[in-house]
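In case it helps, my numbering puts the sequence shown at residues 708 to 884. Think of the CB as a built atom: it goes at the ideal place given N, C-alpha and C, for glycine as much as any other residue.
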Amino acid sequence: MTERMNELGFKEVNVRNLELNPFKAIEEHWMLVTAGNEKESNTMTASWGGMGVIWNKNVAVTVIRPQRYTKKFVDAGELFTLSFYPDEMKKVLQYCGTVSGAGLGKNEKAKNAGLTELYLDSTVAYEQAELILVCKKLYEAQIKPEAFLDKSLIDSCYPQSDFHQAYVGEIIAGYRK
């Protein structure tokens, strides 16, 4: 943990001891998926994902559509962060979910949203977060239409056939304010 994180009031937490309802945290409050480094990074809002234990590891799962600019950064690196924010930040998260970082200057999307970058564990999160999970990619797979047992999900969730890439990341560190 960096000195800056201490100054901001972050404490490292054991994720097994977190009192977090992932259904509310992800679907209702949303999260930012961020990847990159000090040179270049990008973030996006996500309201789909999950947390649990797979392969005897504490993991988080996130899914990213192929057209999302953030996918390039998640694909390029070993780590990504999932970060959670207070309710008063909902407009910031809405901005990060509707504006692409493609074509903007270095890390401009986060700056435009009013977010301050925080570099930790060789990746990026933001000072305004209440909870940051640093994830190491373990597995990724393309969601395929032929694998759906409930075919109605294809029409309702993928009308443009832009199937997500799923990422399973081991939660290697957690920080809470």
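Whole angstroms are fine: how far does the CA of Thr805 sit from the CA of Asn763?
35 Å
Per DSSP, what kind of secondary structure is Ser859 in: helix, strand or coil?
helix
Please determine, among Ile733, Lys779, Val841, the residue with the shortest C-alpha to C-alpha distance to Pro793.
Ile733
Does Ala708 pass the burial test, meaning 16 or more other C-beta atoms within 10 Å, or should it be called exposed?
Checking the sequence shown, residue 708 turns out to be Met, not Ala. Exposed: under 16 other Cβ atoms inside 10 Å.
The segment 744 to 752 contacting the segment 821 to 828, beta-carbon criterion three pairs below 8 Å:
Result yes; three or more Cβ-Cβ pairs closer than 8 Å.
Reference Ala836, options Thr750, Ser790, Lys778, Thr777, closest by Cα
Ser790
Roughly how many whole angstroms lie between the Cα atoms of Ala809 and Ile879?
29 Å
Thinking C-beta only, is Val841 closer than 8 Å to Gly821?
no
On the three-state DSSP scale, how would you describe Glu726?
coil
From the DSSP output, read off the bridge partner residues of Thr805.
Partner(s): none; Thr805 has no beta bridge.
Of all the options Thr769, Asn724, Lys718, Glu719, which has the alpha carbon lying nearest to the alpha carbon of Trp737?
Measuring from the Cα of Trp737, the nearest candidate turns out to be Thr769.
Pull up the CB-CB distance for Asp857 and Arg772, whole angstroms please, since I reckon it's below 8 Å.
Their Cβ separation, rounded to whole angstroms, is 19 Å, which puts Asp857 and Arg772 out of contact at 8 Å.
Over what stretch of residues does the alpha helix (DSSP H) that includes Glu815 continue unbroken?
815 to 820
Drop a sphere of 10 angstroms on the beta-carbon of Lys778, count the other beta-carbons inside from all chains shown, and report buried for 16 or more, exposed for fewer.
That one is buried.
Take the Cβ of Gly716 as the centre, count every other Cβ of all protein chains shown within 10 Å, and call the residue buried at 16 or more, exposed below.
Burial call: exposed.
Between which two residues does the beta strand (DSSP E) containing Glu824 stretch?
824 to 827
Within the segment 730 to 803, note down every full alpha helix (DSSP H) run reaching 4 residues or more, in order along the chain.
777 to 783
Straight-line Cα distance separating Tyr833 from Tyr882
11 Å
By the 10 Å Cβ neighbour count, where 16 or more other Cβ atoms means buried, how is Ile839 classified, buried or exposed?
When all chains shown are included, Ile839 counts as buried.
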